[in-house]
Amino acid sequence: MAMATVNSNIRITAAVRFDTDAGTGGKILKQTLKQQSSIDTRRLSRLSLIAALGAGQLKEQCKIRSDCAVFLGTPFSSPSVFEKMADNVLNHHAAMPFDFIANLHNAPVFHAAQALGTHGATLVVTADNNVDTCFHPLSLAMQSLQNGGQAAVGWAYEHQAVRADTHEGSIWILLENGAEQGVPVVLNDEGTQTDRPSEKPQYYWQNIADWLEAVMAHEGRDVKKYTLA
34 MAMATVNSNI RITAAVRFDT DAGTGGKILK QTLKQQSSID TRRLSRLSLI AALGAGQLKE
94 QCKIRSDCAV FLGTPFSSPS VFEKMADNVL NHHAAMPFDF IANLHNAPVF HAAQALGTHG
154 ATLVVTADNN VDTCFHPLSL AMQSLQNGGQ AAVGWAYEHQ AVRADTHEGS IWILLENGAE
214 QGVPVVLNDE GTQTDRPSEK PQYYWQNIAD WLEAVMAHEG RDVKKYTLA
């Protein structure tokens, strides 16, 4: 399969993956994030927790600049928060305005940036796991990255009841324009589709996970993985 370097000046200088599942309680996620980044987690949605826990791991791999931009792809704002709000409004006639504000679609990227300690530009991109759209956050980050600039690009997923798999987590890479070290950003002509046994439950962002594993392995590097169960 033909491979192509998207931009030889932009390199991946760190790559991490944070995994958990729907059975891991929110209290555990909050305690872990507070220990990791000293963030006040009281009103963070589950999706924000998942995004921030993954993003924070990048600091263990590379120095994050204060102006580092943050791009995050996610299919939906926190499903669990919206389900709870809908239940309260429709069945108990009780509004939850503060929870709604805390769960605006761009909130997870703000919390990811907070975990990274960066004050650069932030953007949430609505994306699903289709190979035609899953790379949109990466494309936008690369197009906006100036020489000498740095951007964290992530994909986060919170379990939705309508899906059979319970795998949650976030994947993050750190891009740097002009870095001497790192892995070139490489895509193939047919997206990231791979042959995988259909009977096995897959991570929502399996296309991204497979692509990143292949790109890093080609350069003799790996993706740092963290699991919280």
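Counting in the working numbering, the sequence shown runs from 34 upward without gaps.
Backbone N, C-alpha and C fix where the C-beta goes; we use that ideal spot for every residue, glycine too.
Looking at THR155, GLY211 and TYR190, the one whose alpha-carbon comes closest to that of PRO108 is TYR190. For HIS200, the secondary structure class from DSSP, reduced to helix, strand or coil, is strand. Our two residues, GLU93 and GLY59, have alpha carbons roughly 23 Å apart in a direct line. Straight-line measurement puts the Cα of ARG79 at about 15 Å from the Cα of ILE204. A residue is called buried when at least 16 other Cβ atoms come within 10 angstroms of its Cβ; ASP52 meets this threshold and is buried.
Only buried fits SER81, as 16 or more other CB atoms lie within 10 angstroms of its CB. The alpha carbon of ASN42 has as its nearest neighbour, out of GLY106, ALA194 and GLU213, the alpha carbon of GLU213.
TRP188 and ARG75 have their C-alpha atoms some 23 Å from each other. The segment 83–99 makes no contact with the segment 163–173: fewer than 3 CB pairs, one atom from each, lie closer than 8 Å. TYR259 places its beta carbon 8 Å or farther from that of HIS200. In the three-state reduction of the DSSP assignment, LYS96 falls in the coil class, being assigned neither a helical nor a strand state. Taking GLY211 as the centre and dropping the five residues before and after it, the same chain places the C-beta of ASN42, ASN180 and GLY181 closer than 7 Å to its C-beta, in chain order. In the DSSP annotation of this structure, GLN147 is not part of any beta strand (DSSP E); the continuous alpha helix (DSSP H) holding it starts and ends at 140–149.
Secondary structure at GLN179: coil, using DSSP grouped into helix, strand and coil. Among the bridge pairs identified by DSSP, PRO217 is matched with ARG44. With fewer than 16 neighbouring CB atoms inside 10 Å of its own CB, HIS251 falls in the exposed class.
Judged by their CB atoms, GLY202 and ARG44 are not nearer to each other than the 8 Å cut-off.
The residue among LEU173, ASN124, ASN221 and GLY253 with its C-alpha nearest the C-alpha of ALA184 is LEU173.
In the structure shown, the three-state DSSP call for THR166 is coil.
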